[in-house]
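Undergrad: Last residue of the first sequence: number 838 in my numbering, and the count goes up by one each step with no gaps. Cβ atoms here follow ideal geometry from the backbone N, Cα and C, with glycine treated the same way. Just so we're clear, the structure is a prediction, and the values are computed from it rather than from any experiment.
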Amino acid sequence: MRMPRMSETYDVTQIQQRWLPVWDELAPFRSGDPNDPRPKKYVLDMFPYPSGDLHMGHAEAYALGDVVARYWVQQGFNVMHPIGWDAFGLPAENAAIRNGIDPMKWTYENIEQQKASMRRYACSFDWDRVLNTCDPEFYHWNQWFFIQMFKRGLAYRKASNVNWCPECQTVLANEQVVAGACERCDTVVTKKKLTQWYLRITDYADRLLNDMQQLEGYWPEKVLAMQRNWIGRSTGAQVSFQIEDYPEAVTVYTTRPDTLYGATFFVVAADSPLAEALAAGTSAEEDLYRYAEEVKKASDIDRLSTERKKSGVFLQRYAINPVNGERLPVWASDYVLADYGTGAVMAVPAHDQRDLDFAQAFNLPVRVVVESGEDPAETGIATADDGPHVNSGPLDGLNKDDAIAAMIDILSQTGHGDASVNYRLRDWLISRQRYWGTPIPIVHCPDCGEVAVPEEELPVRLPSAEGLDLSPKGASPLGAATEWASVPCPQCGADAVRDPDTMDTFVDSSWYYLRYLDPHKTDGPFDPDLAREWMPVDQYVGGVTHAILHLLYSRFFTKVAYDMGLVDFTEPFTRLLNQGMVVMDGSAMSKSRGNLVKLTDELAEHGVDAIRLAMVFAGPPEDDVDWADVSPAGAKKFLARAWRLAGDVASQPGVDFTTGDLPLRKATHRALHDTQVAVESYRFNVAIAKAMELVNATRKAVDSGCGPTDPAVREAVEATAIIISLITPYTAEDMWARLGHQPPVARAGWPQVDPQLLVADSVTCVIQVAGKVRERIEVSPDVTAEDLQDHVLHMPEVISALDGAAIGRVIVRPPKLVNIVPA
RNA sequence: GCGGGUGUGGCGGAAUUGGCAGACGCGCAGGAUUUAGGAUCCUGUGUCCUAUGGACGUGAGGGUUCAAGUCCCUCCACCCGCACCA
């Protein structure tokens with residue numbers, strides 16, 4: 016037993032203090048040298064909101080991204096691994112309202128704090144590329160993109176019923192409404208009629224859908240499914256209906272034009288202008304008004320309740336079925352959505368559950384047009400399956416697909432309709448009535464209307480928050496900044512006003528990955544040449560919370576940039592890794608639940624490396640990690656073991672490894688190979704297990720094998736330091752120094768794996784009789800099938816296991832298996 | 001309802017093309033060393049039995065195969081996403 020000396024103690028705090036300043040000096044992860052000959056890779060972590068100290072979720076996500084980034088650096092790549100801050104948004108503003116602090120001051124202080132905490136966490140970020148979205152030098156280009164889109168007709172203003180959060184006093188995009196509640200504050204969202212800015216993402220619906228082919232196999236299937244679902248492409252037909260005593264025809268969208276003969280009534284969205292127009296002048300006018308008011312008040316939560324009975328108002332109008340001239344009563348109801356399709360439907364209760372529910376609530380007729388042997392009027396269950404059509408004139412006898420095609424033919428020939436495609440995706444509402452965001456660079460002129468601020472006048476800077484009332488009132492505080500808001504019209508010079516709204520912060524994150532290329536560029540959002548060199552992002556790492564919003568918007572922006580000729584690719588993120596959440600006892604950590612584990616405390620107790628290691632080792636990166644299953648103490652134990660080995664090495668740096676102990680050399684090269692394979696397939700937990708095996712093997716070799724002077728021991732420990740440098744940079748660096756090397760270990764380079772050392776000396780061959788393992792023998796890895804079979808059949812154990820039975824078949828799979836099947 | 005996924009020891013999890021199920025770790029038990037141990041090292045640890053051997057064993061049931069955690073069919077449970085989208 017050696018007596019522990021001071022230098023033999025693994026002192027986490029000391030190691031951290033020793034190396035952080037050294038790394039600052041060496042900056043091993045700088046990626047901006049134009050003469051760097053290394054091939055390029057772009058590893059991107061989703062940037063954080065500056066919320067102060069890092070928390071557990073950050074710790075996991077950034078540890079995972081760091082493994083990938085550091086791995087490619089060791090493999091000789093020039094890796095761009097940037098970080099920045101998603102710095103606009105409500106929390107800064109809310110803090111300002113609560114505590115009277117300037118949102119800008121609050122934000123920059125938080126950024127500084129978080130940056131320091133991140134540096135200590137030792138992520139391999141290129142600190143030269145830091146960006147903050149709230150810097151004018153960044154949001155300048157938000158405004159530039161907006162203007163390009165405005166000029167292309169992709170940014171426009173329209174009045175509509177929008178999602179309104181009464182708590183935040185601002186509008187929300189559809190994507191920000193979760194189960195009828197505000198994503199941020201959980202308040203029930205209501206509707207409000209407002210004029211707002213939109214980006215025409217629906218123009219890109221098909222491309223957003225089709226380009227997913229490029230991502231298949233590289234993005235999680237789940238994310239692709241969610242996006243597909245969100246885009247919600249459906250095919251069907253538009254059918255135009257005349258309305259009795261009404262001047263205009265009303266068009267409906269249906270995916271089942273084949274059931275047109277089964278239509279027994281007609282429904283328009285209660286909150287649509289169409290319903291109002293149809294009811295005008297009829298005795299239903301009052302009823303509709305009252306009903307529509309009720310509908311507007313009802314929250315989406317109530318509307319979505321499945322228990323809810325269908326409601327509606329008969330509008331005292333009749334629509335004429337274009338194929339058979341039947342009169343269909345026109346109803347208004349909230350089960351038809353104003354902003355999907357045309358806001359009106361033909362109701363076929365026999366074959367649509369919602370229509371059937373409505374028919375039964377109001378005693379409307381049900382007519383079967385697709386045979387199924389069931390009567391929906393009796394069962395209460397609409398049938399949507401394929402079957403022969405009946406009661407359908409020329410469609411009788413046809414199956415569903417043929418009937419759909421036939422009906423579309425009939426409609427287009429008679430001019431009553433045509434094939435049509437619809438999307439669930441809506442245009443992206445980007446204006447917000449809040450202060451802390453990118454001002455929308457538009458001037459409203461009484462004569463010229465909406466005029467883009469000339470590009471040379473950008474950025475339109477946010478006015479100082481001083482003197483502004485930031486508390487939410489439903490109108491942007493910028494409107495009150497009169498001096499800021501009053502400007503001459505850029506076109507005619509007349510007195511005009513700036514648009515008072517700011518942009519959704521998702522605009523910032525839709526292109527920030529391009530800004531990292533050259534974050535301080537003043538004459539453009541990014542350098543197209545650099546984009547050609549670095550983009551698209553090779554590996555994107557972030558939470559599944561952004562599976563729809565952020566990723567869809569980024570994909571949209573990329574396609575717009577492609578159309579503008581700014582980039583030569585159509586998808587921004589080649590590979591996507593969604594890390595799981597860190598939970599505690601099965602549920603999300605939160606202060607209110609009382610199960611919050613403070614990262615700062617854990618780091619203080621166990622050190623950065625142990626936390627990173629424990630977290631990455633806990634399971635596959637995409638799975639949730641339960642802190643209860645994470646063992647920082649175990650991780651620290653391993654690190655100390657590995658670290659102590661560095662002190663045991665008793666050979667000089669540069670010693671010739673090839674003369675070293677062969678079994679240990681093989682273990683080393685096996686470990687290098689296996690970790691390489693594991694890391695490249697995201698199995699970081701497995702990579703750590705392989706490193707642990709190597710440490711165990713080395714310990715054994717030192718204590719009871721070849722001994723500490725053997726060159727193989729040095730080779731093994733150096734390999735260990737390099738492998739664990741991906742996960743635990745402090746310990747790895749200290750080991751590297753103890754081994755007599757210069758920092759940084761991060762740039763040591765991955766040792767060349769010798770394929771000859773991957774061949775085992777002998778392989779355990781399993782001998783089965785009737786499929787059951789009876790014996791194991793050690794054989795040479797290149798044993799021939801003949802020799803192996805011959806040997807095995809003569810083994811006494813085999814003969815006795817056969818128990819006199821004749822041999823039927825012998826399956827030989829050298830060198831791993833022989834299976835003897837009795838006749 | 002639709003879509004995506006998961007199911008392996010006390011726990012987290014391993015397992016190229018079908019070929020030794022349970023790597024690695026946590027926990028637990030025993031031992032060594034120690035003034036001490038929340039340090040270090042060693043050993044053991046799927047279940048059951050008639051125990052130097054054997055049987056069983058990857059959510060359940062069936063199938064293909066010499067051989068199935070892995071492939072096919074049926075079912076169950078759980079998690080996530082979407083959900084009046086015509």
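Skipping 5 residues on each side, what residues in its chain have a beta carbon closer than 7 Å to that of Ala137?
TA: Val623, Pro744, Tyr745
Undergrad: If we ignore side chains and look at the alpha-carbon of each, how far apart do Leu275 and Ala252 end up?
TA: Going from the Cα of Leu275 to the Cα of Ala252 covers about 11 Å.
Undergrad: Tell me which residue opens and which closes the alpha helix (DSSP H) that Glu812 is part of.
TA: 811–817
Undergrad: List the endpoints of the continuous alpha helix (DSSP H) containing Lys120.
TA: 118–135
Undergrad: Short of 6 Å in beta carbon distance, which residues of its chain neighbour Asp639, apart from the five on each side in sequence? Order them along the chain.
TA: Gly595, Met596, Val598
Undergrad: Alpha carbon to alpha carbon, what distance is there between Thr615 and Met21?
TA: Its pLDDT being 37, under 50, Met21 is placed unreliably by the model, and the measurement read from it follows with that caveat. Straight-line Cα distance between these residues: approximately 27 Å.
Undergrad: Spatial neighbours of Met810 within its chain, please: CB distance less than 7 Å, with the 5 preceding and 5 following residues excluded, ordered by chain position.
TA: Glu790
Undergrad: With DSSP as the reference, label Tyr64 as helix, strand or coil.
TA: coil
Undergrad: Which residue or residues does DSSP assign as beta-bridge partners of Asn834?
TA: Gln783, Ile826
Undergrad: Within 8 Å, do at least three Cβ pairs link the stretch 53–69 to the stretch 77–88?
TA: yes
Undergrad: Of all the beta strand (DSSP E) runs that stay within the bounds of the stretch 577–663, which reach a length of 3 or more residues?
TA: 591–594, 597–599
Undergrad: Considering only residues of the same chain and omitting the five flanking positions on each side of Met18, which have a CB-CB separation below 6 Å?
TA: Residue confidence is low: Met18 scores 34 on pLDDT, short of 50, so the model does not pin down where it sits. No coordinate-derived value is stated.
Undergrad: Could you name the residues of the same chain whose beta carbon sits closer than 8 Å to that of Val694, not counting the 5 residues immediately before and after it, in chain order?
TA: Val82, Val83, Tyr86, Ala702, Leu741
Undergrad: Would Gly340 be called buried (16 or more neighbouring beta carbons within 10 Å of its own) or exposed?
TA: exposed
Undergrad: Using a threshold of 7 Å, state whether the C-beta atoms of His96 and Ser139 are closer than that.
TA: yes
Undergrad: Using the Cα positions of Leu566 and Trp443, report the straight-line distance between them to the nearest angstrom.
TA: 13 Å
Undergrad: One question on the structure: do Ser463 and Gln428 come within less than 7 Å of each other, judged by their Cβ atoms?
TA: The amino acid occupying residue 463 in the given sequence is Cys; Ser does not appear at that position. Taking 7 Å as the Cβ cut-off, Cys463 and Gln428 do not qualify as a contacting pair.
Undergrad: I need the straight-line Cα distance from Leu545 to Tyr528, nearest angstrom please.
TA: 12 Å
Undergrad: Tell me whether the beta-carbon of Val360 lies closer than 7 Å to the beta-carbon of Val282.
TA: yes
Undergrad: Does DSSP classify Ile98 as helix, strand or coil?
TA: coil
Undergrad: Put Gln771 into one of helix, strand or coil per three-state DSSP.
TA: helix
Undergrad: Just mark Lys652 as buried or exposed, buried being the case when its beta carbon has 16 or more other beta carbons within 10 Å.
TA: exposed
Undergrad: Count the other CB atoms, across all protein chains shown, that sit within 10 Å of the CB of His535; report buried if there are 16 or more and exposed otherwise.
TA: exposed
Undergrad: Quick check on DSSP: helix, strand or coil for Ser427?
TA: helix
Undergrad: Which term fits Leu592, buried or exposed, when burial requires 16 or more other beta carbons within 10 angstroms of its beta carbon?
TA: The residue in question, Leu592, is buried, as its Cβ has 16 or more Cβ neighbours within 10 Å.
Undergrad: Alpha carbon to alpha carbon, what distance is there between Glu152 and Thr398?
TA: Computed Cα separation, rounded: 59 Å.
Undergrad: Distance check for Val265 and Ile216, CA to CA, integer angstroms please.
TA: 26 Å
Undergrad: What residue range does the alpha helix (DSSP H) around Arg172 cover?
TA: Segment 170–180 is the beta strand (DSSP E) holding Arg172; no alpha helix (DSSP H) there.
Undergrad: So is Ala820 buried or exposed if we call it buried at 16+ other beta carbons inside 10 Å?
TA: exposed
Undergrad: Candidates Thr589, Phe588, Lys574: which alpha carbon is nearest Val582's?
TA: Residue Lys574 is the option with its Cα nearest to Val582.
Undergrad: With distance defined between alpha-carbon atoms, name the residue in Ala418, Gln783, Leu352 nearest to Leu808.
TA: Gln783
Undergrad: What does DSSP give as the partner residues of Trp234 in its beta bridges?
TA: In the DSSP output, where bridge partners are listed per residue, Trp234 has Glu231.
Undergrad: To which residues of the same chain is Ser525 closer than 6 Å at the C-beta, ignoring the five residues directly before and after it?
TA: Tyr568, Ser569, Phe572
Undergrad: Give the single residue among Thr357, Val94, Ala734, Asn610 whose Cα lies nearest to the Cα of Phe256.
TA: Nearest of Thr357, Val94, Ala734, Asn610 to Phe256, Cα basis: Thr357.
Undergrad: Distance, Cα to Cα, His684 vs His806?
TA: Going from the Cα of His684 to the Cα of His806 covers about 31 Å.
Undergrad: Residues in its own chain within less than 7 Å of Leu224 by CB, not counting five upstream and five downstream?
TA: Arg243, Ile246, Arg248
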